[in-house]
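Novice:
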Amino acid sequence: MPLPILALLSLAISGGELPRMLIVLSSATGAVSSSPMADVLASAADEDRRVTPIVWGTTDPIFREALASNLLGNVPDAPTKTQVFEIAVKLHAEYVAIVSGGLKANGATGKISLYRGEREIYHDNTSIGINRSGRLDESSSLKSIARTWLDKLSQGAFKKLVPAPRIKAPEMAPALVAPVEAVAVPAVDNTALVNSARALRAATAREIDRIQRTQSREVDVAPIVDDLKRAGEQAVIALFRDAVDAEPLDIARRKLLFEAILPLDPKLAASEARRAAQVMPEAVELRVMSAQAWLKLKDQAQAQADLNEAVARDPSSVAVRLALTEIALGKLDFITALEHIDKAVKQSDNSVTRRMRALVRAMLGGNDGVKSDIAACKEPVSVDQSATYLRALDVALDDSISSMKSLMQRVAVRPKDEAVKEGLDTATRTLTSRISFMEGTTTPVSSRDISERLLLAHKLLQQCVVDLRDFAANAADDSLSDARINLNESVRMLSESRSRSSS
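So the working numbering is basically just the index in the sequence shown, starting at one, shifted up by 593.
(1) Is it the case that the Cβ atoms of methionine 873 and isoleucine 844 are separated by a distance below 8 Å?
(2) Using a 10 Å radius around the Cβ and a threshold of 16 neighbouring Cβ atoms, would you call arginine 831 buried or exposed?
(3) Comparing the C-beta of threonine 929 with each C-beta of chain D, is any distance below 8 Å?
(4) Anyone know if the C-beta pair for glycine 923 and serine 1026 falls short of 8 Å?
(5) Please say whether alanine 1005 and leucine 1054 have beta carbons closer to each other than 8 Å?
(6) Can you pull the DSSP bridge partners for leucine 1054?
(7) Figure out for me which residue from Glu1011, Thr1035, Leu925, Glu932 has the closest Cα to the Cα of valine 974.
(8) List, from N- to C-terminal side, the beta strand (DSSP E) runs of 3 residues or more that fit wholly inside the region 859–931.
(9) Relative to the C-alpha of alanine 839, which residue among Leu786, Gln808, Phe851, Leu861 is closest?
(10) What's the call for proline 856, buried or exposed, on a 16-neighbour Cβ count within 10 Å?
(11) Which of the three DSSP states is assigned to arginine 806 in this structure?
(12) Between the beta-carbon of leucine 735 and the beta-carbon of methionine 882, is there less than 8 Å?
(13) Can you name the start and end residues of the beta strand (DSSP E) that lysine 704 belongs to?
(14) Whole angstroms is fine: what's the gap from glycine 666's alpha carbon to tyrosine 715's?
(15) Write down the C-beta distance between leucine 952 and serine 1044 rounded to the nearest angstrom, noting that I regard them as a contact closer than 8 Å.
(16) Per DSSP, what kind of secondary structure is isoleucine 721 in: helix, strand or coil?
(17) Whole angstroms is fine: what's the gap from valine 829's alpha carbon to asparagine 788's?
(18) Scan the region 941–1007 and note each continuous alpha helix (DSSP H) run of 4 residues or more that stays entirely inside, going in chain order.
(19) Just to confirm the assignment, what range does the alpha helix (DSSP H) spanning valine 677 have?
(20) Restricting to runs no shorter than 3 residues, where is the beta strand (DSSP E) found entirely within the region 643–670?
(21) When the Cα atoms are used, what is the spatial distance from histidine 933 to alanine 637?
(22) Out of Phe656, Ala671, Thr673, Gly700, which one is the CA nearest neighbour of lysine 683?
(23) For leucine 1087, which of helix, strand or coil comes out of DSSP?
(24) To the nearest angstrom, report how far apart asparagine 1081 and arginine 642 are at their CA atoms.
(25) Under a three-way DSSP split, which group does alanine 1076 fall into?
(26) For the candidate residues Ala795, Thr702, Arg1093, whose alpha-carbon lies nearest to that of serine 720?
(27) Does the distance from the C-beta atom of cysteine 1057 to that of alanine 1076 stay below 8 Å?
(28) In terms of DSSP beta bridges, what is glycine 749 paired with?
(29) Note down, in chain order, each residue of its chain lying with its Cβ closer than 8 Å to the Cβ of glutamate 1015, except the 5 sequence neighbours on either side.
(30) Under a three-way DSSP split, which group does leucine 615 fall into?
(31) With 16 other CB atoms within 10 Å as the buried threshold, where does aspartate 1010 fall?
(32) According to DSSP, simplified to helix, strand and coil, what is lysine 936?
(33) Would you call the CB atoms of serine 941 and glutamate 972 closer than 8 Å?
(34) Would you call the CB atoms of phenylalanine 851 and alanine 836 closer than 8 Å?
(35) To the nearest whole angstrom, what separates the beta carbons of aspartate 858 and valine 877, a pair I think is in contact under 8 Å?
(36) Whole angstroms are fine: how far does the CA of leucine 915 sit from the CA of leucine 990?
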């Protein structure tokens, strides 16, 4: 069968494209493997943009097209290395990467041999273990291995290869049609609206103050005050609703309405933001607002749905990246969180993005990175930002406590086990980094009580690690008892911080 015209053109211009790299699982020369290592490396290479990856098999579009066009001839199910090199030539692949990946006791392992032509130019055997809730996360571990390889290659064999930016194809211009200018939406002055809302809130505050001063001490005024506060905020919400009805395309008014509803009813606030996003789909910040409301309700699936819409319209949005980072932190997927926040810092290097990256680095146990990012922060922490940090630290501490319970049982039975030492070392790094983040981040007064309890809970867990190290070294029963006490106290402090957070 003759090679299709598109394939011929592709091969003809391949000299002006990125050099190709054929990726083959080493098990392709023998038994079939279920390892995703080839696909993981291809995905990482596609992001790196120094080479065009081609995975051996019909799931890859380039390989499948060449196979369907009979360019490759007879492709054996279990090719030899020589046959792999022959196929690489037919695919115009300058590089061949033969890889493997698997699991071992403490992590994932990956092996790569990179050839240019038939000459091996790079070889590496790497093991990385990333744990989630005390269990190995194979996907994140393999991704980390692939990125490690590409980082090393960028300093070595791929040093002279310049990453190619993704080029967005220009939109087709209509022929012989005069362009129609979009009708500009006039800017709306919301000063009077904001002042009216302030006046309503001030009137509510004065009435609450009057009741508290004049009511008898025998009367419980708390229910009355709560009702007044809610009534005052409902009046503000009604004011903003009328304003939105008058100017439905004014994003500032939509935000005012969202911010007023959020403390009272996060689910309704999310619904309002989504409705606004349907009216103004180009305003991705509305999707981010909806996602923030869902995150407050701890509904990550709904938040992810909103952010998927936002990413589709503006993948470089810093607000979107920050929200995606928060979702990844909630899932304890710290590697993905770091990927998102690194992109946000590159887009906009400021106190918000730096402090968020410091938090992610704290979760990964990178204390030096935590300190450098916090040192670069000049702006104070807002109430919303503090709430985000505390939510992430709460989830991470809960996971660490679960891991510590398992580790304590293992220490009691096999104190000299190598896995025990690795577990204690990991706990030391992560707890030290989180404590460093909390001590270096000034918390607003409104959430200081919660923050102090979370900090104490982390320090108690850190002392638990110290006690377990002493028991593992000296087999002192007192140290094991102290570890149990400190662990229980850490659990109690976490519970107290949560009760204050919900009140």
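Just so you know, even glycine gets a beta-carbon here, dropped at the ideal spot from N, CA and C. Keep in mind the model is a prediction, meaning the values are calculated, not measured.
Specialist: Short version:
(1) Between methionine 873 and isoleucine 844, the gap from beta carbon to beta carbon is short of 8 Å.
(2) Checking the sequence, you will find alanine at residue 831 rather than arginine. The residue in question, alanine 831, is exposed, as its Cβ has fewer than 16 Cβ neighbours within 10 Å.
(3) The structure shown contains no chain D; it holds only a single protein chain.
(4) The Cβ-Cβ distance between glycine 923 and serine 1026 does not fall below 8 Å.
(5) Not in contact: leucine 1054 and alanine 1005 (Cβ atoms no closer than 8 Å).
(6) Per the DSSP secondary-structure output, leucine 1054 pairs with nothing in a beta bridge.
(7) Check the Cα spacing between valine 974 and each of Glu1011, Thr1035, Leu925, Glu932: the tightest is with Thr1035.
(8) At a cut-off of 3 residues, not a single continuous stretch assigned as beta strand (DSSP E) sits fully inside the region 859–931.
(9) Nearest C-alpha to alanine 839: Leu786.
(10) So proline 856 ends up on the exposed side.
(11) In the three-state scheme derived from DSSP, where H, G and I count as helix and E and B as strand, arginine 806 is classed as helix.
(12) No, the Cβ-Cβ distance between leucine 735 and methionine 882 is not below 8 Å.
(13) From DSSP, the beta strand (DSSP E) with lysine 704 extends over 700–709.
(14) Taking the straight line joining both Cα atoms gives about 29 Å.
(15) About 13 Å separates the beta carbons of leucine 952 and serine 1044, which is beyond the 8 Å limit, so they are not a contact pair.
(16) Reduced to three states, the DSSP call for isoleucine 721 is strand.
(17) Each residue's Cα considered, the two are about 11 Å apart.
(18) For the region 941–1007, whole alpha helix (DSSP H) runs of length 4 or above, ordered along the chain, are 944–957, 960–968, 976–1006.
(19) First-last of the alpha helix (DSSP H) with valine 677: 674–683.
(20) You should have 645–648.
(21) The straight-line gap separating the alpha-carbon atoms of histidine 933 and alanine 637 is approximately 14 Å.
(22) Of the candidates Phe656, Ala671, Thr673, Gly700, the one whose C-alpha sits nearest the C-alpha of lysine 683 is Phe656.
(23) Note: leucine 1087 maps to helix in three-state DSSP.
(24) Near 50 Å, if we compare the C-alpha coordinates of arginine 642 and asparagine 1081.
(25) In this structure, alanine 1076 counts as helix in the three-state DSSP scheme.
(26) Comparing Cα positions, the closest option is Thr702.
(27) Yes. Within cutoff.
(28) The partner list for glycine 749 (beta bridge, DSSP) is empty, contrary to what the question assumes.
(29) Closer than 8 Å at the Cβ level, and outside the excluded window around glutamate 1015, lie Asn699.
(30) Strand, per DSSP.
(31) In summary, aspartate 1010 is exposed, with fewer than 16 beta-carbon neighbours lying within 10 Å of its beta-carbon over all protein chains present.
(32) The three-state reading of DSSP puts lysine 936 in helix, counting H, G and I together.
(33) No, the pair does not count as a contact, with Cβ atoms beyond the cut-off.
(34) 8 Å or more divides the Cβ of phenylalanine 851 from the Cβ of alanine 836.
(35) Under the criterion of beta carbons closer than 8 Å, aspartate 858 and valine 877 do not qualify as touching, at roughly 23 Å.
(36) Their Cα atoms are separated by approximately 21 Å.
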